[in-house]
Amino acid sequence: MAATERITMTMRELDRFKVIQDVADGKLKPWRAAERLELTTRQIRRLVARLREHGPAGLVSGHRAKPGNRRLDPGDADRALSIIRDRYADFGPTLACEKLWECHGIRLAKETVRKLMTEAVPRRQRPPKVYQPRARRACLGELIQIDGSDHQWFEERAPACTLLVYVDDATSRLMMLHFTQTESTFSYFEATRAYIERHGKPGAFYSDKASVFRNVKPGKTGNHVTPFGRAMYELNIDTFCANSSSAKGRVERAHLTLQDRLVKEMRLREINTVADANAYAPSFMAVYNARFAKPPKSDFNAHRPLRPDESLDLVLTWREPRKVTKSLTVQYDRVMYLLEDTPENRKLIDRQIEVWEYPDGRIEIRSDDRVLRFRQYDRLAEIDQGAIVEHKRLSHVLQVAQALQAQRDNSRIGKAPSRTHRGDSTRTDRNEPQVGKKKQRKITQADVEHVIVDLAQRKQTAKPSDKPGRRSAKAGETNVSALPVQAPTFDTA
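Numbering-wise, UniProt numbering puts 88 at position 88 of the sequence shown, and it's gapless, one number per residue.
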């Protein structure tokens with residue numbers, strides 16, 4: 001029995017073997033195989049002859065498992081490396097390459113010298129990071145670990161949402177569970193408010209480095225503090241950010257348990273909405289804490305009550321600094337606010353004031369703890385057709401403007417929070433352009449013509465028929481409706 005020979009081929013060589021085999025069997029013309037393999041006809045004949053003489057092994061590349069023709073001679077490499085060690089140990093690759101050619105007649109590429117120098121130095125392996133276990137805090141409420149978990153909490157019964165989890169470091173107790181659409185600043189404001197009203201102010205919050213808790217880049221004012229961090233500072237609650245997920249392992253392990261037990265408990269109780277889940281959370285926490293919570297080292301409760309001068313309504317707000325213009329206006333989130341023309345407000349021109357936005361969407365403008373009265377001018381407000389004086393040409397232009405206005409992107413800017421903060425996506429998602437929406441003032445002539453034709457068709461469809469015996473126009477007069485409609489001009493800059 002002949003010994004079985006193993007041949008290793010690449011996919012390209014295997015495809016070439018099939019084509020050459022068809023040529024050898026007479027199933028394919030040589031010129032057709034040459035076109036398919038992008039070779040010459042003469043080369044196809046050579047491959048056919050090689051296949052008939054050596055079999056499939058004749059089509060395998062002869063350079064495989066052999067040193068390259070342009071490889072560096074080992075003797076030259078050892079000689080160059082020996083010279084570099086003796087005379088050019090502190091030289092860079094470029095300078096060492098030049099000196100090898102000038103002084104020793106060894107011509108090597110700069111990158112070759114770099115590779116030789118790198119391989120000659122023993123590599124020092126970076127030691128792995130060691131995370132030693134940290135002892136629990138002694139008191140309840142001394143340190144609270146907080147984090148959000150995005151998960152299919154309602155499985156296929158409802159869309160995915162986020163669960164904000166507050167875990168006590170000393171006892172591993174669940175202190176707060178709050179379901180919300182997204183992990184945002186206002187979501188944490190709402191959950192923290194419920195936490196403080198139920199337990200009091202903790203000593204500190206321990207979180208990850210999400211944008212809610214930590215600013216990597218300072219804003220225009222050069223401030224690294226986030227709105228959540230500013231609110232906790234005013235409430236005298238410290239905030240710390242963990243460098244790794246294992247540093248806040250209690251809340252991370254709680255996520256795994258909740259994603260198993262809480263999901264199944266809500267399935268058994270047919271809970272399918274965020275509101276029902278938040279209503280069920282306290283009873284679930286009681287059962288969970290009775291089973292998994294640990295006793296603290298000290299019986300002292302580190303939670304503190306709110307002081308009389310601390311108002312959660314005022315503290316848990318989104319605040320943005322703005323500069324008052326010479327016309328006593330302030331712009332915030334594509335809305336212009338007109339301040340009252342008073343002597344006190346005139347002193348604020350070219351000065352920084354603060355725009356406060358509450359979780360329910362209310363807006364306040366404050367300066368030195370003084371609330372300023374204002375009128376709102378919304379740049380995104382729709383044109384009120386009824387408030388315009390009737391005019392034939394003006395009415396038509398306004399109809400076109402209204403139709404074009406519906407095509408624009410009327411969403412707020414991504415830097416500021418939304419108006420309601422209920423069920424909205426994160427600010428980074430809202431920065432993405434929406435399908436079918438255009439940017440502000442981005443209107444083309446094709447859009448204008450399309451709107452004009454569409455309005456003309458609607459007008460003809462809604463036009464009532466003339467009564468019998470009534471003249472539609474007097475003799476010698478021109479029918480106005482039959483005139484061509486001229487496209488109004490818009491500033492598309």
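The C-beta atom is built at its ideal place from N, Cα and C for all residues, glycine as well.
Computed from a prediction, not measured in an experiment: that's the story for all the values here.
Cβ pair residue i, residue j closer than 7 Å
i    : j    : result
I44  : P56  : no
V251 : V165 : yes
T162 : G148 : yes
S207 : K294 : no
W356 : T317 : yes
V167 : Q145 : yes
T40  : A34  : yes
Y332 : R322 : yes
C139 : F300 : yes
D169 : R137 : yes
N278 : R157 : no
A77  : I106 : no
R366 : E354 : yes
H303 : H199 : yes
Assumed close pair residue i, residue j - CB separation to whole angstroms, cut-off 8 Å
i           : j    : result
F240        : G229 : About 11 Å; that fails the 8 Å criterion.
residue 529 : I20  : What is shown of the chain runs 1 to 493, which leaves residue 529 out entirely.
L28         : L47  : Contact flag wrong, Cβ pair sits at about 12 Å.
L455        : A401 : Wrong, their Cβ atoms sit about 11 Å apart, outside the cutoff.
Residues sharing a beta bridge with residue i, DSSP
i           : result
G148        : L164
A204        : D238
S187        : DSSP lists no partner for S187.
L140        : N301
residue 508 : This structure leaves residue 508 out entirely; the chain is present only between 1 and 493.
V371        : R366
W318        : E357
M336        : Q331 and Y377
T180        : T162
K99         : K99 is not bridged to any residue.
K323        : Q352
V174        : In the sequence under discussion, the amino acid at residue 174 is Leu, which differs from the Val named in the question. In DSSP, L174 forms a bridge with V167.
Selected residue, minimal CA-CA separation from residue i, among the options
i    : options                   : result
T325 : L59, N345 and D238        : N345
I84  : V453, H104 and E270       : H104
A135 : M11, V60, Q352 and A247   : A247
T185 : M9, S245 and P359         : P359
R458 : D447, Q399 and A446       : Q399
N236 : L256, N69 and L306        : L306
S211 : E197, M9, P227 and A24    : P227
R114 : P122, G92, L100 and Q132  : G92
P343 : L372, P321 and P67        : L372
A204 : N215, T192 and R267       : T192
A231 : L268, H450 and K201       : K201
R71  : R87, E102 and T112        : T112
Y195 : K209, D73, P282 and L348  : P282
P133 : Y88, D73 and S244         : S244
F284 : V274, D86 and M266        : M266
M11  : R42, I349 and S61         : S61
K347 : A65, Y131 and D368        : D368
R334 : Q460, Y131, Q376 and A120 : Q376
E53  : A24, A65 and S187         : A24
D73  : L108, R370, A65 and H63   : L108
P143 : E102, L174 and R32        : According to the sequence displayed, residue 143 carries Leu and not Pro. If we check each option's Cα against that of L143, L174 comes out closest.
H63  : M9, L37, R87 and S327     : M9
>> Counting beta carbon pairs with one atom in the segment 124-134 and one in the segment 279-292, are three or more of them shorter than 8 Å?
In response: Between the segment 279-292 and the segment 124-134 there are fewer than three inter-stretch CB-CB distances shorter than 8 Å, so the stretches are not counted as touching.
> How about the segment 166-181 and the segment 305-323: do they share at least three Cβ pairs that are nearer than 8 Å?
Replying inline: The segment 166-181 vs the segment 305-323: no contact.
>> So, does the segment 293-307 touch the segment 329-341, judging by three or more C-beta pairs under 8 Å?
In response: The segment 293-307 vs the segment 329-341: no contact.
> Are three or more beta carbon pairs between the segment 253-261 and the segment 87-105 nearer than 8 Å?
Replying inline: Touching, no.
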